[in-house]
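For the record, the sequence lines run as chains A and B.
So the first sequence is numbered by the working numbering: it starts at 101 and just counts up by one.
So the second sequence is numbered by the working numbering: it starts at 101 and just counts up by one.
There are 2 protein chains.
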Amino acid sequence: MRPTAFPVIDGIEINNWDRALFEQLHAGGVSCVHATAAVWEGARRTLDRLITWDRLFRDHADLIMPAACSADVLTARQQGRTAVMLGFQNTAPIEDDPGLIPIFHRLGVRIIQLTYNIQNLVGSACFDLDDGGLTRFGRTVIAEMERVGILIDCSHVGDRTTLEAIDAAQGPVAITHANPRWFCDSPRNKPDDVIDALARRGGVIGLTLYPNFIGGAQTSLDEFCAMAAKLVDRIGVEHVAIGSDLACGWSDADLVALRHGRTRPDAPAASWPRWQPWFRSPADFPRLMDGLAAAGFTDTELRAIMGGNWMRLWDQTMNAPR
Amino acid sequence: MRPTAFPVIDGIEINNWDRALFEQLHAGGVSCVHATAAVWEGARRTLDRLITWDRLFRDHADLIMPAACSADVLTARQQGRTAVMLGFQNTAPIEDDPGLIPIFHRLGVRIIQLTYNIQNLVGSACFDLDDGGLTRFGRTVIAEMERVGILIDCSHVGDRTTLEAIDAAQGPVAITHANPRWFCDSPRNKPDDVIDALARRGGVIGLTLYPNFIGGAQTSLDEFCAMAAKLVDRIGVEHVAIGSDLACGWSDADLVALRHGRTRPDAPAASWPRWQPWFRSPADFPRLMDGLAAAGFTDTELRAIMGGNWMRLWDQTMNAPR
C-alpha cells in the first residue's frame, strides 16, 4: 500500500470489482472506498450482491476488509488494506418496506442514495421530467435510515427532492458524487441552492471525476482543482470531499443496464465515456492530490477533502443507536 | 419473571407470537426460547419474517431480547427477560445458495433444521416414502453452517439423513424436538440408533411435549418423565433437554400450511391436537420441572436438562469464527 500522510477515502466507486482493482486502490493509497452494492436490485437480488461481496472479502482479505464505521478506515490503513463500505445507489433494495432498512444495516450497508435517475417510491431523480419532491414514504425512509445509522445520499436525486430531503433529515446528509452545476451544466450536477443547503446542515459533497460531469475528458486537472478551490471558498473546506464515481470493468451493455435497470427495454445503445488522462483508476489518487496541492490547498485542507470530511460525517450519521 | 434456580430454556416453540405468549414465558420462568422464524419461506419471505421479529423485539423489549449465544441467556435472566433465539425448521430460506447461510447468521439466525417433513435440496425428511440420505448439497450446507456457527437441527429429518448428517458434521448436532420412538411410534420420533449416534458425537435431544409425539393428551406427566429417566439412563443426562414444540395461536388452516407449505394444494383439512392438561403453554414449565424432580432427577440433573445442555451445545457450535 502506498503510504499517505492521512487517510484517503473515495466517496464512491461503482466498479465491476476484481483483484486488479483492489491492487489499484493500494497503488493509489486509498484506505477506504464506498462501493455500490446495488442500484436497481430488489431485496432478493440485493442479497445476491451482498453474497458476492462476502466472497470478495474472503478471497481478497489481504487487500480489503469491510468498513462499518470511520474507525475501520484507520484499522485498514494501519494494516495496509482498503476498507470497503457498502452502499446502494437507489432505494430499490428496500422495496416498499422500511423494515428492510435495519436488515441491510445489519448486513453492512451504511450509505443509501434516495433515488437513481428516475422517480421511485421515495422521490424524484435528476432525470425526471418533473420533480414532485420527497414522498410521504420518503420521509419514513429518511427517519428510519437516521434511526439505524445509514447515511442519506442525494447524488442522483432531483433538485427539489434533494432540498426536501436535506430539510426532512434531522442530521447532515451527503452528496457522494456530483459537482457544482456552474462547473458543468448537467442535471446530475447540483445548483448552488442545493449545495448551500447541504453545507448549511453540515453535509458533505464528494466532487466527482466522472467525465460527463466535469465537462469531458479534455477538462484539465488544473480546471477541476480550481473548481474545488472556488467551491471551498463558497461553502467551506469541511463540506467538500471526493467521490470519483469510477466505473471500471463494465461492458457497454452493462452501462445501459446501470442507467435504466429494466425500465427501458427501448433504451438506445450507449458507450462508456473516455476518462481524462489524469484520472482513470484508483491508482490516480496521488495525482489528484498533487493537483489539489498545486491549487493552493494546505495539508490540513487536503486531509479534510481527501477523507477527513467523510469520516466526520460518518461519525455523525452512522453511530446512532439501533 | 418467575424466579428459577437455574436458566430454563425451551429448545423450540413455533407459536404465532403475541404479547400474551411472552407473558406466559415469564410466568413459566423461561429465560430463553428457540423460536421458529421460517419453515417453508424462501429467502425473500424469510426477510419478512425477520422484520416481523425486529418489530416484536422493539415492541416488547420489556419482556424479550434477541439471543445470539448462550451468554445472552444469562443476560436475559439477570434482567428478568426472555432471550429469543431465532431458527428455521427448514433449509428453504437458503434456497440453492450456501452464501445465504452467513447472511442469515448475521441477521441473528442460530439454528437451522436440515429438512421439514419432505425431501428438499439437503436431504430426506421424516415423512418421505424413501430416505435417500444427505445430498451433496447437504454436505456443503452442513460445512457452511458449522463454519459460521449455526447449530444443525435434525428433528424432522429422516432417519438415514439424520445419521449421515451426524456423521458429516465435524461437531455435535441437535434434535431440538423429538422423543424416542419406543415411547411413541411415529416417524417424527427417533429410533435408538439415531439417538445413540447423536449422543456419541456430543449432541443433545430436546424431548417434545407435542401431543402427537408423546402418545396423545392422555399420556401423563409421570409417564413422560419416566421416559426421560429411561433415556437418560441409556445416553447420559448431558444429552437430554426439552424442546416443547408449543404451537399456540394458530388456526387449523395455519396447521395445514405449516405441515405442507404450498406443496399439497390437495392436503386434507386438519385440526390442532388437544394438549395434555399438564402442559399447554410456556407457563407450564414449573409443572414439568416438578414432574422431573418427582421422577428422581437431582438439581444438578435438572439444571442440565432444563437448559444447561442447550447452553453447552450452543457454546460448542455457535462460536466458530466467521
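Beta carbons are placed, not taken as given, at the ideal position from N, Cα and C, and that holds for glycine.
Asked, Found
"Rounding to the nearest angstrom, what Cα-Cα distance links Arg412 (chain B) and Ala278 (chain A) in this structure?", "54 angstroms"
"Is the shortest distance between the beta-carbon of Ile194 (chain A) and the beta-carbons of chain B less than 8 angstroms?", "no"
"Taking only three categories from DSSP, how would you classify Arg210 (chain A)?", "strand"
"Would a check of beta-carbon distances place Leu150 (chain B) closer than 8 angstroms to chain A?", "yes"
"Following the continuous beta strand (DSSP E) through Thr104 (chain A), name the residue where it begins and the one where it ends.", "Premise fails: Thr104 (chain A) is in no beta strand (DSSP E) and is neither H nor E."
"Tell me which residue opens and which closes the beta strand (DSSP E) that Val356 (chain B) is part of.", "Premise fails: Val356 (chain B) lies in the alpha helix (DSSP H), Asp352 to His360, not in any beta strand (DSSP E)."
"Rounding to the nearest angstrom, what Cα-Cα distance links Leu147 (chain A) and Glu141 (chain A) in this structure?", "9 angstroms"
"Please state if the CB of Ala370 (chain B) and the CB of Leu355 (chain B) are separated by a distance shorter than 8 angstroms.", "yes"
"Who are the Cβ neighbours of Gly232 (chain A) in its own chain at under 6 angstroms, not counting the five residues just before and after it?", "Ser224"
"Pull the bridge partners of His134 (chain A) from the DSSP assignment, please.", "A:Met185"
"Which chain B residues sit within Cβ distance under 8 angstroms of Gly187 (chain A)?", "Correct list: empty, because the minimum Cβ distance to chain B is about 17 angstroms."
"How is the beta strand (DSSP E) around Gly306 (chain A) delimited, first residue to last?", "Val304 to Leu307"
"Name, please, each residue of chain A whose Cβ falls closer than 7 angstroms to the Cβ of Ile250 (chain B).", "Chain A residues near Ile250 (chain B): none, gap ~15 angstroms exceeds 7 angstroms."
"Quick one: any contact between the segment 233-250 of chain B and the segment 199-214 of chain B, if contact means 3 or more CB pairs under 8 angstroms?", "yes"
"Around the Cβ of Pro377 (chain B), are there at least 16 other Cβ atoms within 10 angstroms (buried) or fewer (exposed)?", "exposed"
"For the segment 124-154 of chain B, which residues have a CB atom closer than 9 angstroms to at least one CB atom of chain A, in sequence order?", "Gly142, Ala143, Arg144, Leu147, Asp148, Leu150, Ile151, Thr152 and Asp154"
"Quick check for students: name the residue ranges of the beta strand (DSSP E) that lie wholly in the segment 337-406 of chain A, counting only runs of 3 or more.", "340-342"
"Could you say if the segment 395-415 of chain A and the segment 303-312 of chain B meet the contact criterion of at least three C-beta pairs nearer than 8 angstroms?", "no"
"Taking 8 angstroms as the threshold (beta carbon to beta carbon), is Leu346 (chain B) in contact with chain A?", "no"
"Is the number of C-beta pairs between the segment 119-138 of chain B and the segment 379-396 of chain B that are closer than 8 angstroms three or more?", "yes"
"Who are the neighbours of Asp159 (chain A) on chain B, taking C-beta pairs under 8 angstroms?", "The contacting residues do not exist; Asp159 (chain A) stays about 13 angstroms from chain B at best."
"Near Phe227 (chain B), what residues of its chain come up, given a Cβ to Cβ distance below 7 angstroms and the 5 sequence neighbours on each side ignored?", "Asn217, Ile218 and Pro287"
"Using a beta-carbon distance below 8 angstroms, is Pro202 (chain B) in contact with chain A?", "yes"
"How many whole angstroms separate the CB atoms of Val294 (chain B) and Thr262 (chain B), which I take to be in contact at a CB cut-off of 8 angstroms?", "5 angstroms"
"Looking at Ala269 (chain A) and Ala192 (chain A), is the spacing between their C-beta atoms short of 8 angstroms?", "no"
"Give me the Cα-Cα distance between Cys348 (chain B) and Glu123 (chain B), rounded to the nearest whole angstrom.", "13 angstroms"
"Could you check whether Ala326 (chain A) and Val304 (chain A) sit closer than 8 angstroms to each other, using their CB atoms as the reference points?", "no"
"Between A:Arg144, A:Arg181, A:Ala161 and A:Ala168, which has its C-alpha nearest Met101 (chain A)'s C-alpha?", "A:Arg181"
"Is the CB-CB distance between Ala183 (chain B) and Asp197 (chain B) below 8 angstroms?", "no"
"Step through the CB atoms of chain B and report whether any lies within less than 8 angstroms of the CB of Arg206 (chain A).", "yes"
"Just the C-alpha distance for Ser255 (chain A) and Leu298 (chain A), rounded to the nearest angstrom, thanks.", "11 angstroms"
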